[in-house]
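Each protein sequence line maps, in turn, to chains A and B. FYI, the numbering for the first sequence is 1 to 297, going by the numbering used here. FYI, the numbering for the second sequence is 1001 to 1297, going by the numbering used here. Report on the following structure.
There are 2 protein chains.
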Amino acid sequence: MDRTPDWIAVDWGTSNVRAWAMTAGGEALAEATSDKGMGKLSPPDYEPALLDLIGGWMDGPIRVVACGMVGARQGWVEAPYASVPGHPLPVGLTLAPTTTPGLSFGIIPGLAQSDPADVMRGEETKVAGFLARNPGWDGVLLLPGTHPKWISVSAGEVVAFRTSLTGEAFAALSGHTVLRHSVATDAWDDDAFLAGVAEGLARPEALMNRLFALRAESLLSGLTPAKARARLSGLLIGTDLAGARGWWLGARVALLGAGDLMTPWRAALTSQGVAPEEADATEATLAGLTEAWRRSQ
Amino acid sequence: MDRTPDWIAVDWGTSNVRAWAMTAGGEALAEATSDKGMGKLSPPDYEPALLDLIGGWMDGPIRVVACGMVGARQGWVEAPYASVPGHPLPVGLTLAPTTTPGLSFGIIPGLAQSDPADVMRGEETKVAGFLARNPGWDGVLLLPGTHPKWISVSAGEVVAFRTSLTGEAFAALSGHTVLRHSVATDAWDDDAFLAGVAEGLARPEALMNRLFALRAESLLSGLTPAKARARLSGLLIGTDLAGARGWWLGARVALLGAGDLMTPWRAALTSQGVAPEEADATEATLAGLTEAWRRSQ
């Protein structure tokens, strides 16, 4: 790195932390990552973990702007939720207690929705970054992942959002039930996935039975692990799509994520006649952190 | 035990094995249990595990009649499935290879349904026992548990059945997702359970979102662990009831199970205007094993 950064951007999640040395223009000069996610840390652990990542970039006072689970109740310091409907970055940063001279660490608050109850931490920054890059964009953002989020955006504000357990349910059901014997593979079958999506969409009420049927078909009719795994994913995503029908049917939809996580959702939406726009989650995070840094100058 | 048994009944499941010293009249003289279930054994382990339980009862040649996962492909010896529709005990026993002089070990085959694909091992014996005690009974049996089964019975035969992953999905979701932080209790809330049942029945397509909402409500509005745990169970059972509506609506239903496992299903069915009959699973198992022993004389 040839020059000292103007500020530092941090995305601190449950499992990992990523930091970028940034220019005032929003360019990343360098990047560092570690596995010291919120899930492994107590409050006194955060500052040392941060310095391990960014200590080499510091040359005098520096401001850090962070998003994600670092601001959860069980994180470094709680950054209370802001409410929706509203701007994705409606209020200032919550400062964490630091001891390093010249180091300021500000956390972007998450968003909460009261009815139906829902929360996000980190995704609000992606939304802000997406909107900074796509001014005036109205529609529904879909952020795939462990807890996929449908986020309705209009006039620069988050109108409402809807989180589901779909990704984590897939992991729990495929790893911790009798289905583990039937889906033990990394392989994948596109047709079986789409069949699962269609079934989940058409008959969400059959889910509990269709899950067991994966086991029965692998015992009785030689359903392969690749087909069983893909159909399991399809059943869960199809059920999610059934419940979220009002969010995507006839709507302008953009997928905001990273490569592999987007693939099944892109295929599922395409099978239903939706042609989603796409945007990169990391770019959106950096643009959102930059927006928060500018607003808090 | 004052007398030598005429035969021995065994229910050998995935986690446990139960054995009873039986009279020709179907009375149990003694009982023994161990945790040497199918999941912990290789084929050569079965005979020693059996002798640990029943060796003290043997005084000359003896026949054992067994049901359950001992007859699975990964059990002692595979007892191939019989087909439905048909009698719950349509064919003879499959003999396991024994080395103890005078010891005969016969396994009751499970039942398989081809479309939709489904399987049972052990439940067919309960059905046979229930029918032996309730001759001419027509209706739907519901066997609660890890994999609840709806079994349609008419004219002494199993017409069709439907297995769901409901019980095991509850364990996986409550133990291996973010919900574990929200449902960590043994307590229970009846009203929250019934609210979950109603929601699962009315909107099964919302399941993926309603699961995450348990977490959001525990963060935002202080949903207690007892309410969250009971509502999670209710959502899954309600979804199962939605898919199985054709099995219980307007039907004669009997719950065939054991105390604690029956409670939520009884409450859920009662909330929908169904007043299920009830029968004890162990008694049904013993009656079914007795029926199989008589038929194989």
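From the three backbone atoms N, C-alpha and C, an ideal C-beta is built for every residue, glycine too.
Exercise. Should the region 146–157 of chain A be regarded as contacting the region 239–258 of chain A, the criterion being three or more beta carbon pairs within less than 8 Å?
Worked result: Taking 8 Å as the limit for Cβ pairs, the verdict is that the region 239–258 of chain A does touch the region 146–157 of chain A.
Exercise. Hey, is residue 311 of chain A's beta-carbon within less than 8 Å of any beta-carbon in chain B?
Worked result: Outside the shown range of chain A, which is 1 to 297, sits residue 311 of chain A, and nothing can be said about it.
Problem set entry | For residue 107 of chain A, the three-state DSSP class (helix, strand or coil) | Translated into positions along the first sequence, residue 107 of chain A becomes position 107. In the structure shown, residue 107 of chain A falls within a strand segment according to DSSP collapsed to helix, strand and coil.
Exercise. Is it right to say residue 1222 of chain B is buried, meaning 16 or more other beta carbons lie within 10 angstroms of its own, or is it exposed?
Worked result: As a first step, residue 1222 of chain B is located in the second sequence; it is residue number 222 there, counting from the start. The residue in question, residue 1222 of chain B, is exposed, as its Cβ has fewer than 16 Cβ neighbours within 10 Å.
Exercise. Does residue 1211 of chain B get closer than 8 Å to chain A when you measure Cβ to Cβ?
Worked result: Translated into the one-based positions of the second sequence, residue 1211 of chain B becomes position 211. Residue 1211 of chain B counts as touching chain A.
For this session: Taking only beta carbons into account, state which residues of the region 1156–1180 of chain B come closer than 8 Å to chain A, listed in chain order.
Result: Contacts with chain A (Cβ-Cβ distance below 8 Å) from the region 1156–1180 of chain B involve 1162, 1163, 1164, 1165, 1166, 1168, 1169, 1171, 1172, 1173, 1175, 1176, 1177, 1178, 1179, listed in chain order.
Problem set entry | Supposed contact pair residue 1054 of chain B and residue 1024 of chain B - C-beta distance, whole angstroms, cut 8 Å | Indexing the second sequence from 1 puts residue 1024 of chain B at position 24. Indexing the second sequence from 1 puts residue 1054 of chain B at position 54. For residue 1024 of chain B against residue 1054 of chain B, the beta-carbon gap comes to about 17 Å, at or over 8 Å, which does not count as contact.
For this session: Kindly indicate which three-state DSSP category residue 1243 of chain B falls into: helix, strand or coil?
Result: Residue numbering aside, residue 1243 of chain B sits at position 243 when the second sequence is read from its first letter. If DSSP states are grouped into helix, strand and coil, residue 1243 of chain B belongs with the helices.
For this session: For residue 1083 of chain B, return the contacting residues in chain A, with the cut-off set at a CB-CB distance below 7 Å.
Result: On the second sequence, position 83 is the one that residue 1083 of chain B refers to. Those within 7 Å of residue 1083 of chain B in chain A number zero; the least Cβ separation is about 10 Å.
Exercise. Do residue 128 of chain A and residue 258 of chain A have their CB atoms nearer than 8 Å?
Worked result: Within the first sequence, residue 128 of chain A is the residue found at index 128, counting from 1. Within the first sequence, residue 258 of chain A is the residue found at index 258, counting from 1. Contact flag unset, no.
Exercise. Is DSSP giving residue 1150 of chain B helix, strand or coil here?
Worked result: What you label residue 1150 of chain B is simply residue 150 of the second sequence in a count that begins at 1. Assigned with DSSP and collapsed to three states, residue 1150 of chain B falls in strand.
Problem set entry | Partners in chain B for residue 221 of chain A, counting only beta-carbon separations shorter than 9 Å | Counted from its first residue, the first sequence places residue 221 of chain A at position 221. Chain B residues near residue 221 of chain A: 1114, 1117.
Problem set entry | Cβ-based neighbour list, residue 1132 of chain B, same chain, cut-off 8 Å, excluding 5 preceding and 5 following | Residue 1132 of chain B sits at position 132 when you count from the first residue of the second sequence. Apart from the 5 residues on each side of it in sequence, residue 1132 of chain B sits with its Cβ closer than 8 Å to the Cβ of 1287, 1288, 1290, 1291 in its chain, given in chain order.
For this session: On a CA-only basis, which of B/1234, B/1233, B/1079, B/1115 is nearest residue 210 of chain A? Give me that one, please.
Result: Your numbering for residue 210 of chain A matches position 210 in the first sequence. Taking only the C-alpha atoms, the option nearest residue 210 of chain A is B/1115.
For this session: Name the one or two DSSP bridge partners that residue 120 of chain A has.
Result: Residue numbering aside, residue 120 of chain A sits at position 120 when the first sequence is read from its first letter. Under DSSP, the beta-bridge partners assigned to residue 120 of chain A are A/111.
For this session: For residue 20 of chain A, I'd like the list of residues in its chain whose CB is within less than 6 Å of its CB, leaving aside the five on either flank, ordered along the chain.
Result: Within the first sequence, the letter at position 20 stands for residue 20 of chain A. Excluding sequence neighbours, residue 20 of chain A sits near 9, 28, 31.
Exercise. Leaving out the 5 sequence neighbours to the left and right, which residues in its chain are closer than 6 Å to residue 1036 of chain B when beta-carbon positions are compared?
Worked result: Counting from one through the second sequence, the residue named residue 1036 of chain B turns up at place 36. If we look at residue 1036 of chain B and ignore the five residues flanking it on each side, its Cβ neighbours are 1017, 1049.
Exercise. Alpha carbon to alpha carbon, how far is residue 39 of chain A from residue 1174 of chain B?
Worked result: Residue 39 of chain A sits at position 39 when you count from the first residue of the first sequence. Residue 1174 of chain B sits at position 174 when you count from the first residue of the second sequence. One C-alpha to the other measures close to 18 Å.
Exercise. Comparing the C-beta of residue 1205 of chain B with each C-beta of chain A, is any distance below 8 Å?
Worked result: Along the second sequence, read from residue 1 onward, the residue named residue 1205 of chain B stands at position 205. Under the 8 Å criterion on CB atoms, residue 1205 of chain B is classed as interfacial with respect to chain A.
Exercise. How long is the line joining the alpha carbons of residue 56 of chain A and residue 232 of chain A, rounded to whole angstroms?
Worked result: Walking along the first sequence from the start, residue 56 of chain A turns up at place 56. Walking along the first sequence from the start, residue 232 of chain A turns up at place 232. In this structure, the CA atom of residue 56 of chain A is about 46 Å from the CA atom of residue 232 of chain A.
Exercise. Going by Cα to Cα distance, which pick from B/1089, B/1296, B/1001, B/1102 is closest to residue 1158 of chain B?
Worked result: Looking up residue 1158 of chain B in the second sequence gives position 158. For the residues B/1089, B/1296, B/1001, B/1102, the minimum Cα distance to residue 1158 of chain B belongs to B/1089.
Exercise. From this set, B/1002, B/1272, B/1176, B/1091, which residue's C-alpha is nearest residue 1106 of chain B's C-alpha?
Worked result: Counting from one through the second sequence, the residue named residue 1106 of chain B turns up at place 106. Out of B/1002, B/1272, B/1176, B/1091, B/1091 has the C-alpha closest to the C-alpha of residue 1106 of chain B.
Problem set entry | Residue environment, residue 275 of chain A, which counts as buried when at least 16 other CB atoms sit within 10 Å | Locating residue 275 of chain A in the first sequence gives position 275, counting from the first residue. An exposed status is given to residue 275 of chain A, since fewer than 16 other beta-carbon atoms sit within 10 Å of its beta-carbon.
Problem set entry | Beta-carbon proximity list for residue 1061 of chain B, same chain, < 7 Å, skipping 5 on both sides | Locating residue 1061 of chain B in the second sequence gives position 61, counting from the first residue. Only 1102 meet the Cβ criterion.
Exercise. In chain A, what lies closer than 7 Å to residue 1239 of chain B by C-beta?
Worked result: For the purposes of this step, residue 1239 of chain B is identified with residue 239 of the second sequence, where counting begins at 1. Ordered by position in chain A, the residues that pass the 7 Å Cβ test against residue 1239 of chain B are 205, 207, 208.
Problem set entry | C-beta contact flag for residue 1066 of chain B and residue 1109 of chain B at 8 Å | Residue mapping note: residue 1066 of chain B aligns to position 66 of the second sequence, counting from 1. Residue mapping note: residue 1109 of chain B aligns to position 109 of the second sequence, counting from 1. The Cβ atoms of residue 1066 of chain B and residue 1109 of chain B do not sit closer than 8 Å to each other.
Exercise. Listing by chain order, which chain B residues have their CB less than 9 Å from the CB of residue 123 of chain A?
Worked result: Residue mapping note: residue 123 of chain A aligns to position 123 of the first sequence, counting from 1. Within chain B, no residue comes near residue 123 of chain A; the closest Cβ sits about 13 Å away, beyond 9 Å.
For this session: Indicate whether at least one CB of chain B lies closer than 8 Å to the CB of residue 184 of chain A.
Result: On the first sequence, position 184 is the one that residue 184 of chain A refers to. Judged by the 8 Å Cβ criterion, residue 184 of chain A is not in contact with chain B.
Problem set entry | chain A contacts from the region 1144–1156 of chain B (Cβ-Cβ distance under 7 Å) | Residues are counted here when their Cβ sits less than 7 Å from a Cβ of chain A; for the region 1144–1156 of chain B these are 1147, given in chain order.
For this session: Return no unless some Cβ of chain B is closer than 8 Å to the Cβ of residue 216 of chain A.
Result: As a working mapping, residue 216 of chain A is identified with position 216 in the first sequence. Residue 216 of chain A counts as touching chain B.
Exercise. According to the Cβ coordinates, are residue 1239 of chain B and residue 207 of chain A closer than 8 Å?
Worked result: Here residue 1239 of chain B refers to the residue found at position 239 when the second sequence is read from its first residue. Here residue 207 of chain A refers to the residue found at position 207 when the first sequence is read from its first residue. For residue 1239 of chain B and residue 207 of chain A, yes; Cβs fall inside 8 Å.
Exercise. Buried or exposed: where does residue 199 of chain A fall if 16 or more other Cβ atoms within 10 Å of its Cβ makes it buried?
Worked result: Along the first sequence, one-based indexing puts residue 199 of chain A at 199. Residue 199 of chain A should be labelled buried.
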